[in-house]
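Shown next, in structure tokens, is the structure this report addresses.
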Amino acid sequence: MKRIHIGLIGFGNIGTGVIKLLRQNEEMITKKLGAKIVLKKIADLNITSSRGVKVPKQLLTTNARDILNDPEISIVIELMGGYEPARTFVLEAIKNGKHVVTANKALLATYGNEIFPAAQLKGVDVGFEASVGGTIPIIKTLKESLVANRINSIVGIMNGTCNFILTKMTDEGKPFDVVLKEAQLLGFAEADPTFDIEGIDTSHKMAIILSLAYGKKVNLKDIYLEGITQVSSEDIDFARELGYRIKLLGIGLLKNGAVEARIHPTMIPSGHLLANVNRNYNAFHVTGDASGPVFLFGQGAGMMPTASAVFSDIMDSARDVMKGISGRVPLRSMNEKGMKAITLIPMDDIETKYYFRFSVLDRPGVLSKISGILGEYHISIATVIQKAQEEAGPVPIVMTTYKAKEKNVRQALKKINRLRVVRDKTVLIRIEDEL
């Protein structure tokens, strides 16, 4: 039976999961492939710590080039994360004619415009299903299942840490700081959670998704980004009263040949499928012009779910090795030579509905002053909630709007926040009723 040798760079949580999956399902994998996948070498700086899986010492090395320069190894799996030396190792693997499988979203979002053309030129594949959505097959769905569709919209909950925090705040009434500590204790959040809670992790995934959905090169810095650190329990309670739940969404909308690309906390109707994706789960709501809406849901992270996605790419590359082919499916949905820079709609020009929470002194005429400024900037009010407060001090006034332009909203709030009766910066959360 043919043997296909693979090498693993990065023996961390996901790398351990890949080894476990290969061992527990080896017979089934071999039957499905018609060949035996052989793990020939594992490279990591730390090869002495226990990972809960035993491997022969001769498989371990601290030198990644023992894998990159081994002519017998056909597929290199990069699971070390980060930018360097991951970028160097991936490019060396490609140069040496090896297929690459990676879960490194940050690497692909930042250096994909270098890596993918290099792979196409060399005639090797780069598999990256595990880089977005964990076990959810969103990459394959966009590249293959919906290949004949114009993608009108793609909206996703792409970060399990943020979703866990917002779920706990919503369902248990706990404040942000308390839930963040709980997420860290459970392993859902890192000791430094900045990449997650500030939306950076989601932006990496969004850049990859947009390139697949629209066959365009995406500049990561052009995607509007806002994290969840300013979402309070008070806003979550008002959202519930208004019939919404708050989620951190990555939103891509096709409009007149250009794309809205934004990441921010969003109020969505409590009956929407995405509103009911809770805890550390991820989901994607994709609308194609032919397919209509498609909903994908599953574990967005974790050792074995991510290992499952990694192995789907290993199998694809192994099948190509057996057939002596590559590039059957373009790496980013279309030939790299046809990839052009995407046209993103400036954030100032987007139009949506808004939720405002003003903190004001309880005095006559305050509501009319705020309403007057909003009207001055062509912002129409849909609902108002004004609650009395027994204690002295600022009181909240909540408003939702009909569709308004972001630029106008920003200008209006800047003027409102300068009013003497306004005591804190106005809270703004966008509302999406038509996803």
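Just add 42 to the spot in the sequence shown (first one is 1) and you have this note's numbering.
From the three backbone atoms N, C-alpha and C, an ideal C-beta is built for every residue, glycine too.
Quick check on residue i: buried or exposed, where buried means 16 or more other Cβ atoms within 10 Å of its Cβ?
i    : result
G330 : buried
R472 : buried
D475 : exposed
V469 : buried
E69  : exposed
T203 : buried
M43  : exposed
S91  : exposed
Y125 : exposed
N324 : buried
R462 : exposed
A249 : buried
H420 : exposed
G414 : exposed
N205 : buried
Just the Cα atoms here: how many angstroms apart are residue i and residue j?
i    : j    : result
D358 : V118 : 13 angstroms
G49  : I56  : 14 angstroms
Y153 : R129 : 8 angstroms
P113 : K140 : 9 angstroms
G292 : Q100 : 44 angstroms
F158 : L64  : 27 angstroms
K289 : F237 : 17 angstroms
A360 : A77  : 9 angstroms
G417 : T442 : 13 angstroms
V80  : I61  : 10 angstroms
V142 : G123 : 14 angstroms
F400 : E302 : 27 angstroms
K411 : N320 : 39 angstroms
P438 : Q226 : 32 angstroms
T58  : E378 : 33 angstroms
I458 : I423 : 15 angstroms
A106 : R370 : 28 angstroms
I265 : F170 : 21 angstroms
If you follow the beta strand (DSSP E) that residue i is part of, which residue opens it and which one closes it?
i    : result
M309 : 300-311
S92  : Run containing S92: none; DSSP gives neither H nor E here.
M345 : Looking at the DSSP string, M345 is not in any beta strand (DSSP E); the run it does join, the alpha helix (DSSP H), is 345-365.
M43  : Counting along the chain, M43 falls outside any beta strand (DSSP E), and DSSP gives it neither H nor E.
Q428 : 423-428
S413 : Premise fails: S413 lies in the alpha helix (DSSP H), 408-418, not in any beta strand (DSSP E).
R472 : 469-473
I79  : 78-85
T443 : 437-443
E378 : E378 -> no beta strand (DSSP E), and no H or E assigned at all.
S401 : 393-402
If you follow the alpha helix (DSSP H) that residue i is part of, which residue opens it and which one closes it?
i    : result
Y256 : 242-256
G202 : 202-214
M70  : 68-75
E224 : 218-227
T104 : T104 -> no alpha helix (DSSP H), and no H or E assigned at all.
Going by DSSP, which residues form a beta bridge with residue i?
i    : result
L295 : S195, E302
T236 : Partner(s): none; T236 has no beta bridge.
E120 : I51, T144
Q27  : This structure does not reach residue 27, given that the chain is present from 43 up to 477, and the question cannot be answered.
K289 : T308
V97  : DSSP lists no partner for V97.
With a cut-off of 8 angstroms on the beta carbons, I'd call residue i and residue j a contact; round off their distance for me.
i    : j    : result
L188 : V328 : 7 angstroms
A172 : T348 : 5 angstroms
K147 : V174 : 6 angstroms
L102 : A135 : No, L102 and A135 are not in contact; Cβ-Cβ is about 19 angstroms, not under 8 angstroms.
G340 : N322 : Contact flag wrong, Cβ pair sits at about 11 angstroms.
Quick check: is the beta carbon of residue i nearer than 9 angstroms to any beta carbon in chain B?
i   : result
Q66 : Looking at the structure shown, chain B is missing, and only one protein chain is on hand.
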